[in-house]
Amino acid sequence: MKFIRIGNKTVSLEKILLAVEDILEMRGRGFSQQDIAEKIGIDRSFVSRLECIGEIRKGQSVGFIAFPVKNKSEVIKLIGQYGVDFHIVMTEEERNTFVKEKSGVELLNSVMGLITEARNLDTIIVFASDKRGRLIEALLDCQVIRKDIGQSPITSDVYVSLDEIKQIFDALQLTSNL
36 MKFIRIGNKT VSLEKILLAV EDILEMRGRG FSQQDIAEKI GIDRSFVSRL
86 ECIGEIRKGQ SVGFIAFPVK NKSEVIKLIG QYGVDFHIVM TEEERNTFVK
136 EKSGVELLNS VMGLITEARN LDTIIVFASD KRGRLIEALL DCQVIRKDIG
186 QSPITSDVYV SLDEIKQIFD ALQLTSNL
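Note that our numbering gives residue 165 to position 130 of the sequence shown, counting from 1, and the numbers run on in steps of one.
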């Protein structure tokens, strides 16, 4: 535990970091700034200022789903620069492993969990086969921007154009943190 001496008081850095993490997690779960301030015993404006310090992007929450992707590491690096909130990017091998290594119940639970997470977003960008893209679009209750990367079934990895991803991000007015 790290302590910092400030004048005649000793402050626990760990205690501060835990409190900040709790505040931000509560905000992420939908608590109002005022509710948190009252619960913790701080000013509402402090909660607002904490959010400003860590803000990466204002506005809509965005997810990105792509499979099977040949240039996975490049795609993940790019979407990370734009602060995408949620992503699933898999190669064909990873996609097959994801399906084959789970029992039916485990697979269903995993897929339902991912769908639930994705449904909480404002916009999902999908790079997948025509059939998978339409299926994802039907399952989600948000804006879906779909880019078909081939006809189903796709059995090998496909190169996903980073320029096309950037064009979509630009249209959504997302900005890179670089």
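Glycine included, every Cβ here is placed at the ideal spot set by N, Cα and C. Keep in mind it's a predicted model, so treat the numbers as computed, not measured.
- Between the alpha carbons of GLN116 and GLN178 lies a distance of about 21 Å.
- Residue pairing by DSSP leaves SER191 without any beta bridge partner.
- The C-alpha of GLU109 is placed about 41 Å away from the C-alpha of PHE38.
- The closest CA to that of PHE99, considering only SER83, PHE121, MET36, ARG167, is found on PHE121.
- Burial state of ILE75 is exposed, judged by a 10 Å Cβ sphere holding fewer than 16 other Cβ atoms.
- Bridge partners of SER47 according to DSSP: PHE38.
- Collapsing the DSSP output to three states places PHE66 in coil.
- Considering only ASN144, GLU172, ASN155, THR45, the residue with the shortest C-alpha distance to ALA163 is GLU172.
- GLN68 is the residue among GLN68, VAL46, GLY118 whose C-alpha sits nearest the C-alpha of SER83.
- Secondary structure at PHE102: coil, using DSSP grouped into helix, strand and coil.
- Cβ-Cβ distances below 6 Å link ILE150 to LEU174 in the same chain, with the five nearest sequence neighbours on each side left out; the list follows chain order.
- A direct Cα-to-Cα measurement between SER187 and THR126 gives close to 15 Å.
- For LYS137, there is no enclosing alpha helix (DSSP H), since its DSSP letter is neither H nor E.
- Under the three-state reduction of DSSP, GLN178 is assigned to strand.
- Ranked by Cα distance from ASP57, the first of VAL46, ALA72, LYS44 is ALA72.
- Rounded to the nearest whole angstrom, the C-alpha separation of GLY148 and GLY139 is 14 Å.
- Bridge pairing for ASP183: ALA163 [DSSP].
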